[in-house]
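With mature numbering (1 follows the signal peptide of the UniProt record, and there is no 0) as the guide, the letters of the sequence shown map in order to residues -26 to -1, 1 to 467. Quick reminder that beta carbons are idealized off the backbone N, C-alpha and C, glycines included. Data block below; observations after.
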Amino acid sequence: MTHDIKTRRQFLKHLGGLLCAGGASAFMPQLQLIGSATAATRATVPGYRALVCVYLAGGNDAYNTLIPYDTARHAAYVSARGGVYHPNTNPQGLAIARDALTSAVQITDSATGAPYALNPGNANYPAAMAELANLFRQNKLAFIANVGTLTRRITKDEYNALPALRPPQLYSHNDQENLWHLGRTTNYAQGWGGQVADRVRLDNLNQQLSPCISVYGGTNRFQVGLNTFPYHIDSSGVVPLSNIYNDPDNVGSQFGMQLDGALDRMLAQSYPSPFSSEYAGTFKRARAVYDLLYPALASAAGQITTEFPSNDLGEQLKMVARMIRLSRDTSVNVQHKRQIYFVRLAGFDMHDKLMNGDTAGHAYLLNALSKSLSAFWQAMNEIGAQNEVTAFTMSEFARTLSSNGNGSDHAWGGVQLVMGGAVNGGRIYGTYPELVLNGPMSLSRGQMIPTTSVDQMAATLARWMGVTGTNDLRTIFPNLINFDTDNLGFMTA
């Protein structure tokens, strides 16, 4: 055997111990992502901590999410959005009337004293974001204003004169989502969540279960690190192998037991190729993690009594809460100290039907977001983890202030939220923009040039997770050096 083959085998063996194993269907698509591994380091802060990324897919209309409430700025907002929406007299308008912004959704930025309101909903979904407004008033939730993908801060003149300073493919869904996941404006194999996990996972007892857990059925770049790959689970639990005996409640096909035995015999063989050998080893670890999580989720350690709304996001967040509970339970062989979760709420690409009053409209989605996050906050209280878990949103971009006739189009800088007991809440971080068309920092249709970068927001969250070294932060977020701070201050130490 050559030295190269030995080296590859040693590498793959080491990597396999760190890979995100799970039900085989949860892990096997990730084999193509195998890369060189870096050593994990111990977190610089003690105790359990978890991030929960809530991705608002499609580009959330940020300025109908967080709305200026004072008379002058609200009037400017109404003008930029084509007037107050009315299905009969102004169906093309996208603004929400000031008198519809009731006290249930009114908030005040404690840093500036400026009044705002969250989306008030409609007759079908009244006080759409009242729960999140209440958490803001309790200082458990903060907003980050005009945040977006940037290589460095740019002026409007630079935007017009120097296209190379713009993020690549600025108004493309796939490209901008990818840049949010990467925390940089160049293509890269690893996301910032996975790279954070690489650096803080060493104190996790069970290294076979990845610290990055996706409850959304699809893949994501955000949770891919050098030696971390996302483990996939769905809202109902771990994913079994199809037509294979998995457990007493899921016996597979007519020949499930025989197929199960045949698979075990195949996995027990020795394979001369290091890649085949590692594939088999990964498959075995996948089954081992399934065997661990299936009964654990069914046990008391995996149960949550808090009632969640019966929508897609609510069901995903309930599973996150259950996983957090059993991951912290010393009776279960998980006992992680650091975890990063990913959930996804789709439907925000509203080129039309933005102001609809039914489930096709923006108010419905924001109501689902508010009620689901509120239930998650209550669940964290149930298990005593409110100060240890931070949820935050990401979305590829905001929407144009101007109407396209029935909705809004792709824009740039938007508003994101951060929720948790460790959040310095009750504040709006960054600079809330002047909501005008073709203003000093806005383009002709009201696309806002960001004044805060994704890198800064993400680095602040990474610091809270224990990645505090300047070199580590600048490795994960290479553009950080171009901004005035790598800590926006919305997290406690």
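Query                                                                                                               : Result
Met324 - DSSP class collapsed to helix/strand/coil                                                                  : coil
For Met354 and Phe282, the rounded distance between their alpha carbons                                             : 12 Å
8 Å Cβ cutoff met for Gly381 and Asp458                                                                             : no
Nonlocal neighbours in the same chain, by C-beta distance under 7 Å from Trp386, ignoring five residues either side : Gly122, Leu144, Phe371, Ala372, Gln421, Met422, Ile423, Pro424
Pairwise C-alpha distance: Leu267 and Asp172                                                                        : 22 Å
Contact the segment 352 to 369 vs the segment 125 to 143: 3+ CB pairs below 8 Å                                     : no
Inside the segment 168 to 199 only - beta strand (DSSP E) runs reaching at least 3 residues                         : 186 to 188
Proximity of Phe350 and Gln197 at Cβ, strictly below 8 Å                                                            : no
Rounded separation between Ala467 and Trp438 - CA only                                                              : 6 Å
Candidates Asn93, Asp83, Phe451, of which the one nearest Trp154 by Cα                                              : Phe451
For Arg23 and Pro141, the rounded distance between their alpha carbons                                              : 32 Å
Same chain only: Cβ atoms within 7 Å of Gly388, ignoring 5 sequence neighbours per side                             : Asn34, Ala36, Val121, Gly122, Ser369, Phe371, Ala372
Distance, Gly21 Cα to Gly211 Cα                                                                                     : 26 Å
Uninterrupted alpha helix (DSSP H) stretches inside the segment 280 to 322 (no shorter than 4 residues)             : 286 to 302
Inter-stretch contact at 8 Å, needing at least 3 Cβ pairs: the segment 202 to 211 / the segment 287 to 300          : yes
Cα-Cα separation between Ser377 and Asp323, rounded to whole angstroms                                              : 14 Å
Under 8 Å between C-beta atoms of Ile118 and Phe464                                                                 : yes
Collapsed DSSP secondary structure at Ser251 in the structure displayed                                             : helix
Three-state class that DSSP yields for Val213 in the structure shown                                                : coil
Within 8 Å, strictly: CB atoms of Leu409 and Ala54                                                                  : yes
4 or more residues per run - each alpha helix (DSSP H) lying fully within the segment 332 to 361                    : 336 to 356
Arg158 versus Gly95 - alpha carbon distance                                                                         : 35 Å
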